[in-house]
């Protein structure tokens, strides 16, 4: 593949170095929640592999400690691959593997890139594939983001409910097509706004159930090839523990690898919420004009 130059202080490796040159699409790096999710997956995989005796405790514990350092906020600047990359996220998966491997090597007292002691593919990526880790991290990232959004939307509902109560005795002319129609109360209009946001929010929340079902453990083609006995159960159990997300193995692994239905549902319902917010904003602007 030829020589690739890597900065001496970089914790990523040659695969990432090549990906930096190859994927110059947006100039934006991966979202912090994607990094968080991927590192949690790598940590959980190391523990599951140690339980299966396919990964020795010395290397496994170093990987776990490296992941803990990254989850604590260190080495975030080492995730440098463009957010748009091909191969089912292989470039970002390898960026993550290389950073974790080099941090783990440092923990073991070895030099950066001394992969004969601990390898990004053989040890950090053991029992995994980009094909099952990336879809799983996508689901987790969306749920972390929704966990931020939903409480804010609920606060808006409460605020609109308060306005509905405050304005319940204020009468005004209701309009259709911007023309005067029949009398309503200002409070009833704000109550309708609150209902619109609530229904849109419930639709968004409904996607959690499908997002909980993840592809992890299916490896490259959904069959679980090259994983030890009990690995999928153990890795998802550990991932549930560290993420606090009630994740479950997808019933149809091959479907979970190839389909992004849960993600598109989430996107669609978020767009619906945005439409409702835009409509309400325009209504209030018209009333204030």
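Residue numbers (UniProt numbering): 1 to 289. Glycine residues also receive a C-beta, built at the ideal position from the N, C-alpha and C atoms. This structure is a prediction, so every number in the text was calculated from the model and none was measured.
For residue 118, same chain residues with a beta-carbon under 6 angstroms away, outside a window of 5 residues either side, are 59, 101, 104 and 105 in chain order. Straight through space, the alpha carbons of residue 93 and residue 110 are spaced by roughly 23 angstroms. Close CB contacts of residue 145 within its chain, under the 7 angstroms cut and outside five residues either way in sequence, are with 33 (chain order). Spanning the alpha carbons of residue 264 and residue 31 requires a straight line of approximately 18 angstroms. In the pairwise beta carbon analysis, the region 267-281 is classified as touching the region 187-207: at least three pairs are separated by under 8 angstroms. Its chain contains 62, 117 and 118 as the residues whose beta carbon lies nearer than 7 angstroms to that of residue 108, once the 5 sequence neighbours on both sides are disregarded; these appear in chain order.
Residue 129 holds the alpha-carbon nearest to the alpha-carbon of residue 257 among 241, 129 and 199. Per DSSP, residue 228 lies in no alpha helix (DSSP H) segment and is marked neither H nor E. Of the candidates 52, 188, 201 and 172, 188 places its Cα closest to the Cα of residue 161.
Residue 183 places its beta carbon less than 8 angstroms from that of residue 171.
Short of 8 angstroms from the beta carbon of residue 114, and not among the five residues preceding or following it, lie these beta carbons of its own chain, in chain order: 105. Judged by their CB atoms, residue 231 and residue 52 are nearer to each other than the 8 angstroms cut-off. The count of Cβ pairs closer than 8 angstroms, one atom from the region 234-242 and one from the region 39-46, reaches three, so the stretches are in contact.
C-alpha of residue 153 to C-alpha of residue 197: approximately 8 angstroms in a straight line. Residue environment analysis places residue 151 among the exposed positions, since fewer than 16 neighbouring C-beta atoms fall within 10 angstroms of its C-beta. Counting along the chain, residue 183 sits inside the beta strand (DSSP E) bounded by residues 179-185. Under DSSP, residue 214 forms a beta bridge with 249. Excluding sequence positions up to five before and after residue 205, its CB lies within less than 7 angstroms of the CB of 150, all in the same chain and listed in chain order.
Cβ neighbours of residue 20 within its own chain (closer than 7 angstroms, five residues either side excluded): 80 and 81. In the structure shown, residue 109 falls within a coil segment according to DSSP collapsed to helix, strand and coil.
Less than 8 angstroms separates the beta-carbon of residue 250 from that of residue 214.
Pairing residue 271 with residue 262, the inter-Cα distance amounts to about 14 angstroms. The continuous stretches of beta strand (DSSP E) do not include residue 26, and DSSP gives it neither H nor E. Scanning the region 57-105 for uninterrupted alpha helix (DSSP H) segments of 4 residues or longer gives 57-71, listed from N- to C-terminal end.
Judged by DSSP secondary structure, residue 221 falls outside any alpha helix (DSSP H); it is assigned neither H nor E. In this structure, the beta-carbon distance from residue 236 to residue 211 does not fall below 8 angstroms. Taking residue 180 as the centre and dropping the five residues before and after it, the same chain places the C-beta of 173 closer than 7 angstroms to its C-beta, in chain order. Taking the CA atoms as reference points, residue 254 sits about 21 angstroms from residue 48.
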